[in-house]
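The structure under discussion appears below in the form of structure tokens.
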Amino acid sequence: MSNLRLFTGNAHPHLAESIAHHAGVPLGEVMVKRFNDGEIRVQVEESARGNDIFIVQPTCAPVNDNLMELLIMVDAFRRASAQRVTVVLPYYGYARQDKKTKPREPVTARLVADLLENSGVTRVVCVDLHAAQIQGFFRIPVDHLYAGPLLAEYLEAKGYVDGDTCVVSPDVGGVARASALAATLQTSIAIIAKRRPEPGKVEIVEIIGDVRGKRCVLIDDMIDTGGSMVGGAETLLQRGAAEVIACCTHPILSEGAMERIAASPIQKLITTDTIPFRWPRFIEQGHVEVLSVAPLLADAILRIHADESVSVLFDRTW
Numbered sequence: 009m010s011n012l013r014l015f016t017g018n019a020h021p022h023l024a025e026s027i028a029h030h031a032g033v034p035l036g037e038v039m040v041k042r043f044n045d046g047e048i049r050v051q052v053e054e055s056a057r058g059n060d061i062f063i064v065q066p067t068c069a070p071v072n073d074n075l076m077e078l079l080i081m082v083d084a085f086r087r088a089s090a091q092r093v094t095v096v097l098p099y100y101g102y103a104r105q106d107k108k109t110k111p112r113e114p115v116t117a118r119l120v121a122d123l124l125e126n127s128g129v130t131r132v133v134c135v136d137l138h139a140a141q142i143q144g145f146f147r148i149p150v151d152h153l154y155a156g157p158l159l160a161e162y163l164e165a166k167g168y169v170d171g172d173t174c175v176v177s178p179d180v181g182g183v184a185r186a187s188a189l190a191a192t193l194q195t196s197i198a199i200i201a202k203r204r205p206e207p208g209k210v211e212i213v214e215i216i217g218d219v220r221g222k223r224c225v226l227i228d229d230m231i232d233t234g235g236s237m238v239g240g241a242e243t244l245l246q247r248g249a250a251e252v253i254a255c256c257t258h259p260i261l262s263e264g265a266m267e268r269i270a271a272s273p274i275q276k277l278i279t280t281d282t283i284p285f286r287w288p289r290f291i292e293q294g295h296v297e298v299l300s301v302a303p304l305l306a307d308a309i310l311r312i313h314a315d316e317s318v319s320v321l322f323d324r325t326w
């Protein structure tokens, strides 16, 4: 009998249930509640001794609560004599704080890595890290998965890809991601050069590439305020683009972002369920398509449990 056990906290139980379904394993029993003063209380309600434990917990909003839940769960399983504890982080919170940009700033992405390691995690599974170099913050194995092939498959299936399609990176930092998608779809590529005078504010400087008459596919790893995507879409149309579609892996969508996107020239937002999507009406209205990463994560979990290669799950283009 397999000793694979799958658990979840309160961050995204729906995704965990879907992963369990695709993996063909039941979700384990764990209680995650709050004491009266707000402290997190965890109780593993089945034996973990000698088991291969996988915990599904994106550290999305509320970021600090979900991160603390995860750390306490890991500690509980380690103290319960689990053989291995793998953390499945569909979304890695604090990933944008991966380097110092000003004096006296922290590198919080590294701090989170240290906290996970010190709590007893033996392996981490992530999807589309904001910066791939975050893997280097860990001294334990990190399996970095990509949602790009999932997005590409959807775009092709829905007829968004033809000779007039152009993949667009919303900034210079996302060129590798956009290049991978363009290579997969065999399309041209363009880049929006911009600068951020302060957090949450974006100024577009130039568009590198020909977008006139093109169906532009804007792709980024995450959308927070929506400012970059909306501003990029407006500029692309001003430069002669025929239409704009937006794609992202992580729909953070801070307050007002989804409404901003729905009211913008963006024809459709294609995203995934690494983070719970909280606006079903926009799906019903056709503004948004949410693809599931559950099959990808289920395959990764089964391969890790069987000590098989995980890299076969994605094309090396990514």
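For the sequence shown, the positions run 9 to 326 when my numbering is used. Cβ atoms here follow ideal geometry from the backbone N, Cα and C, with glycine treated the same way.
### Query
By how many angstroms is the C-alpha of Ile200 removed from the C-alpha of Gly240?
Translated into the one-based positions of the sequence shown, residue 240 becomes position 232. Translated into the one-based positions of the sequence shown, residue 200 becomes position 192. The alpha-carbon of Gly240 is positioned some 7 Å away from that of Ile200.
### Query
Rounded C-beta distance between Asp228 and Gly182? I'm assuming under 8 Å.
As a first step, residue 228 must be located in the sequence shown, where it is residue number 220. As a first step, residue 182 must be located in the sequence shown, where it is residue number 174. Contact flag correct, Cβ pair sits at about 6 Å.
### Query
So Asp60 packs on His313, CB below 8 Å; how close in whole Å?
Translated into the one-based positions of the sequence shown, residue 60 becomes position 52. Translated into the one-based positions of the sequence shown, residue 313 becomes position 305. The C-beta distance from Asp60 to His313 rounds to 5 Å, short enough to fall under 8 Å.
### Query
Do Val133 and Gln143 come within 7 Å of each other at the CB atom, strictly closer than that value?
Counting from one through the sequence shown, the residue named residue 143 turns up at place 135. Counting from one through the sequence shown, the residue named residue 133 turns up at place 125. No, Cβ-Cβ distance for Gln143 and Val133 is not below 7 Å.
### Task
Tell whether a beta-carbon distance below 7 Å holds between Asp170 and Lys222.
Taking the first residue of the sequence shown as position 1, residue 170 is located at position 162. Taking the first residue of the sequence shown as position 1, residue 222 is located at position 214. In this structure, Lys222 does not lie closer than 7 Å to Asp170 by Cβ.
### Query
For the beta strand (DSSP E) that Val95 lies in, which residues bound it at each end?
Residue mapping note: residue 95 aligns to position 87 of the sequence shown, counting from 1. It spans Arg92 to Leu97 - the beta strand (DSSP E) in which Val95 sits, taken as one unbroken run.
### Message
Measuring alpha carbon to alpha carbon, tell me which residue in Leu97, Ala308 and Gln51 is nearest Val71.
### Response
Residue 71 sits at position 63 when you count from the first residue of the sequence shown. Considering only alpha carbons, the answer is Leu97.
### Task
From the DSSP output, read off the bridge partner residues of Lys276.
Along the sequence shown, one-based indexing puts residue 276 at 268. In the DSSP assignment, Lys276 forms a beta bridge with Ile253.
### Message
Rounded to the nearest angstrom, what separates Ala139 and Thr116 at their Cα positions?
### Response
By 1-based counting over the sequence shown, the position of residue 139 is 131. By 1-based counting over the sequence shown, the position of residue 116 is 108. Their Cα atoms are separated by approximately 13 Å.
### Task
Whole angstroms is fine: what's the gap from Val129's alpha carbon to Val93's?
The sequence position of residue 129 within the sequence shown is 121, counting from 1. The sequence position of residue 93 within the sequence shown is 85, counting from 1. Each residue's alpha carbon lies about 5 Å from the other.
### Task
Note the first and the last residue of the continuous beta strand (DSSP E) segment covering His152.
For the purposes of this step, residue 152 is identified with residue 144 of the sequence shown, where counting begins at 1. Looking at the DSSP string, the run of the beta strand (DSSP E) that includes His152 is Val150 to Leu153.
### Query
Counting Cβ pairs closer than 8 Å, one from the region 50-69 and one from the region 77-89, do we hit at least three?
Yes, they touch.
### Message
On the CB-based measure, 16 or more other CB atoms within 10 Å of its CB, does Gly101 come out buried or exposed?
### Response
To locate residue 101, count along the sequence shown from 1; it is residue 93. Burial check for Gly101: the Cβ neighbour count within 10 Å reaches 16 or more, so the residue is buried.
### Query
Thr173 bridges to which residues according to DSSP?
Along the sequence shown, one-based indexing puts residue 173 at 165. Partner(s): Arg223.
### Chain-order list of residues whose beta-carbon lies under 7 Å from that of Gly36 (same chain, five-residue window excluded)
Counted from its first residue, the sequence shown places residue 36 at position 28. Hits under 7 Å: Arg13, Leu14, Phe15 and Glu54.
### Query
How is Ser196 classed by DSSP in three states: helix, strand or coil?
Here the question's residue 196 lines up with position 188 in the sequence shown. Reduced to three states, the DSSP call for Ser196 is strand.
### Beta-carbon proximity check, Val180 vs Val225, cutoff 7 Å
Numbered from its first residue, the sequence shown carries residue 180 at position 172. Numbered from its first residue, the sequence shown carries residue 225 at position 217. In this structure, Val225 does not lie closer than 7 Å to Val180 by Cβ.
### Message
Need the endpoints of the beta strand (DSSP E) that Leu14 sits in, please.
### Response
Residue 14 sits at position 6 when you count from the first residue of the sequence shown. Per DSSP, Leu14 belongs to the beta strand (DSSP E) from Leu12 to Thr16.
### Task
Under 8 Å by Cβ, that's how I've got Asp83 and Ser26 pegged, so tell me the actual separation to the nearest angstrom.
For this step, residue 83 is matched to residue 75 along the sequence shown. For this step, residue 26 is matched to residue 18 along the sequence shown. About 26 Å separates the two Cβ atoms, so there is no contact after all.
### Query
Val269: buried (16+ other C-beta within 10 angstroms of its C-beta) or exposed?
Walking along the sequence shown from the start, residue 269 turns up at place 261. Going by the sequence as given, residue 269 is Ile instead of Val. Its Cβ being crowded by 16 or more others within 10 Å, Ile269 is buried.
### Query
Who are the near neighbours of Ile413 in its chain, counting only those whose CB is closer than 8 Å to its CB and skipping five residues on each side?
Because residue 413 is not part of the residues shown, which for the chain are 9 to 326, the question remains open.
### Rounded Cβ spacing between Ala265 and Gly234 (contact assumed at less than 8 Å)
Within the sequence shown, the letter at position 257 stands for residue 265. Within the sequence shown, the letter at position 226 stands for residue 234. A Cβ-Cβ separation of about 4 Å places Ala265 in contact with Gly234 under the 8 Å criterion.
### Message
Tell me whether the region 155-165 and the region 186-193 touch, counting them as touching only if at least three CB pairs, one residue from each stretch, are closer than 8 Å.
### Response
Taking 8 Å as the limit for Cβ pairs, the verdict is that the region 186-193 does touch the region 155-165.
### Separation of Gly46 from Leu305, as counted between CA atoms
Locating residue 305 in the sequence shown gives position 297, counting from the first residue. Locating residue 46 in the sequence shown gives position 38, counting from the first residue. Rounded to the nearest whole angstrom, the C-alpha separation of Leu305 and Gly46 is 31 Å.
### Message
Distance check for Ala121 and Phe145, CA to CA, integer angstroms please.
### Response
As a working mapping, residue 145 is identified with position 137 in the sequence shown. As a working mapping, residue 121 is identified with position 113 in the sequence shown. In a straight line, the C-alpha of Phe145 is about 6 Å away from that of Ala121.
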